[in-house]
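S.K.:
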Amino acid sequence: MPTVLRLILLTLILGSCVKELDDLEPRYGSKPGAGKGAVYQFAVHPLYNPVQLMRAYQPLVEYLNSRNLGVRISLEASRDYGSFEQKFQDRRPEIILPNPWQTLEAIKVGYHVVATAGDPEDFRGLLLVRRDNNIKTSRDLMGKTVSYPSSTALAACIMPQYFLFHRGIDVNTDITNLYVGSQESALMSVYLGKSEVGVTWPPPWRIFQRNNPELAKKLKILWETESLINNSVMVRDDVPQEFQQKLALALTELPKSPLGENILRGMETSRFLPAGDGDYDIVRKYMENFERDVRKVGQP
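So for the sequence shown, this note's numbering puts the first residue at 258; every next one is plus one.
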């Protein structure tokens with residue numbers, strides 16, 4: 258079966274899986290359970306499609322559950338960015354892994370940063386085109402279509418749009434913005450010719466290259482943005498402080514063992530670093546400038 262046809266079939270299957278995940282998803286209360294049988298939900302923003310995310314992050318959850326943190330942790334995927342954002346706005350998960358903009362939004366509803374996931378240098382936007390595309394300068398983008406996973410994806414939308422703004426492109430009028438729901442869909446959009454440019458960031462691009470080498474060879478990175486602080490790990494404010502400290506320690510100690518190194522490699526994350534809410538003040542200033550110059554984040 259041709260590679261493209263297999264991917265189209267996989268997309269249809271994944272769509273069905275996501276619906277089933279949402280349909281079967283339990284409703285969690287605003288407070289964690291007490292006692293020996295307590296389960297904390299760990300919701301990760303849509304770095305990948307739900308199946309790939311489970312494959313990448315389930316080993317981390319199993320590692321955390323082996324560390325005797327006092328509760329059992331359960332991984333939770335989301336259909337798209339909006340679904341994930343609604344979950345933490347409703348204070349449903351005890352633990353979340355949001356992007357830096359989502360981190361600021363989660364702080365407003367009572368989540369606090371305990372770690373950052375990955376080196377800052379890896380948090381940057383990538384703008385890709387087909388190798389047979391003749392786009393060379395920002396002016397060549399006039400009237401073209403650019404695909405992104407979501408209008409709230411920081412590295413894979415907001416930072417690239419600001420990059421284009423500084424190169425003379427009004428992203429509200431000069432190009433067509435196509436929000437396709439996932440990192441992989443943004444890459445497939447440019448591969449299939451539905452958009453001239455597809456936007457993502459390094460970890461999903463590396464996984465796409467690993468899983469789809471034949472397709473990845475047809476694409477190339479045209480531009481890269483500057484980097485910013487990476488995704489965070491956050492805990493809801495009614496979770497015991499002792500657990501928060503144990504969680505942060507378990508995450509930062511991952512590189513100390515071969516098992517931990519394998520887990521990090523599977524997530525395409527170099528390491529977890531200690532961090533707090535204040536480390537994301539740089540993002541607040543960045544977002545203020547972006548909303549002043551480009552658009553409101555809630556208005557794609």
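Ideal Cβ positions, reconstructed from N, Cα and C, are used throughout, including at glycine.
Could you tell me which of 555, 483, 455 and 313 sits nearest to residue 378, measuring between CA atoms?
M.R.: Here residue 378 refers to the residue found at position 121 when the sequence shown is read from its first residue. When each option's Cα is compared against that of residue 378, the closest is 483.
S.K.: Quick one, which of 311, 356 and 330 has its alpha-carbon nearest residue 487's?
M.R.: Residue mapping note: residue 487 aligns to position 230 of the sequence shown, counting from 1. Residue 356 is the option with its Cα nearest to residue 487.
S.K.: Round the Cβ separation of residue 342 and residue 298 to the nearest angstrom and send it over; I've been treating them as touching at under 8 Å.
M.R.: Indexing the sequence shown from 1 puts residue 342 at position 85. Indexing the sequence shown from 1 puts residue 298 at position 41. About 15 Å; that fails the 8 Å criterion.
S.K.: Going by other Cβ atoms of all chains shown within 10 Å of its Cβ, with 16 needed for buried, is residue 519 buried or exposed?
M.R.: The count along the sequence shown starts at 1 and reaches residue 519 at position 262. Residue 519 is exposed by the Cβ-count criterion.
S.K.: What residue does the beta strand (DSSP E) around residue 456 start on, and which one ends it?
M.R.: Position 199 of the sequence shown, counting from 1, holds the residue named residue 456. 454-457 is the extent of the beta strand (DSSP E) around residue 456.
S.K.: Spatial neighbours of residue 465 within its chain, please: C-beta separation below 7 Å, excluding the five flanking residues on both sides.
M.R.: Residue 465 sits at position 208 when you count from the first residue of the sequence shown. Once the five neighbours on either side are set aside, the close Cβ partners of residue 465 are 441, 444 and 473.
S.K.: In chain order, what are the residue ranges of uninterrupted beta strand (DSSP E) at least 3 long that sit wholly in the region 371-422?
M.R.: Listed in chain order, the complete beta strand (DSSP E) runs (minimum 3 residues) inside the region 371-422 are 383-387 and 402-405.
S.K.: Tell me whether the beta-carbon of residue 521 lies closer than 8 Å to the beta-carbon of residue 511.
M.R.: Residue mapping note: residue 521 aligns to position 264 of the sequence shown, counting from 1. Residue mapping note: residue 511 aligns to position 254 of the sequence shown, counting from 1. Yes. Within cutoff.
S.K.: Buried or exposed for residue 497, please, with buried defined as at least 16 other CB atoms from any protein chain shown within 10 angstroms of its CB.
M.R.: Within the sequence shown, numbered from 1, the residue matching residue 497 stands at position 240. Exposed.
S.K.: Can you list, in chain order, the stretches of the alpha helix (DSSP H) that have 4 or more residues and sit fully within the region 313-348?
M.R.: 338-346
S.K.: Residues bridged to residue 474 by DSSP?
M.R.: Here residue 474 refers to the residue found at position 217 when the sequence shown is read from its first residue. Note: residue 474 sits in no beta bridge, so no partner.
S.K.: Just verifying my parser: in three-state terms, what is the DSSP assignment at residue 352?
M.R.: As a working note, residue 352 is residue 95 in the sequence shown. Note: residue 352 maps to strand in three-state DSSP.
S.K.: What would DSSP say about residue 488, mapped onto helix, strand or coil?
M.R.: Your numbering for residue 488 matches position 231 in the sequence shown. It is a strand residue.
S.K.: Hey, is residue 522 close to the ligand ATP, as in C-beta under 7 Å from one of its heavy atoms?
M.R.: Ligands are entirely absent from the displayed structure, and the ligand ATP is therefore not among its contents.
S.K.: Would you check if there are 3 or more beta carbon pairs closer than 8 Å linking the region 372-389 to the region 316-325?
M.R.: no
S.K.: Return helix, strand or coil for residue 552, following the three-state DSSP convention.
M.R.: Stepping through the sequence shown from its first residue, residue 552 is reached at position 295. The DSSP-derived three-state label of residue 552 is coil.
S.K.: Taking all protein chains shown into account, decide if residue 336 is buried (16 or more other Cβ within 10 angstroms of its Cβ) or exposed.
M.R.: The sequence position of residue 336 within the sequence shown is 79, counting from 1. Label assigned to residue 336: buried.
S.K.: By alpha-carbon positions, which one of 425, 453, 424 and 420 ends up nearest to residue 433?
M.R.: Locating residue 433 in the sequence shown gives position 176, counting from the first residue. Ranking the options by Cα distance to residue 433, first place goes to 453.
S.K.: From residue 392 to residue 386, what distance separates their C-alpha atoms?
M.R.: Numbered from 1 along the sequence shown, position 135 holds the residue referred to as residue 392. Numbered from 1 along the sequence shown, position 129 holds the residue referred to as residue 386. Approximately 8 Å between the Cα atoms of the pair.
S.K.: Would you kindly work out how many angstroms separate the C-alpha atoms of residue 515 and residue 529, rounded to a whole number?
M.R.: Within the sequence shown, the letter at position 258 stands for residue 515. Within the sequence shown, the letter at position 272 stands for residue 529. Taking the straight line from one Cα to the other gives about 15 Å.
S.K.: If we count the other Cβ atoms within 10 Å of its Cβ and call it buried at 16 or more, is residue 423 buried or exposed?
M.R.: By 1-based counting over the sequence shown, the position of residue 423 is 166. Per the 10 Å Cβ criterion, exposed.
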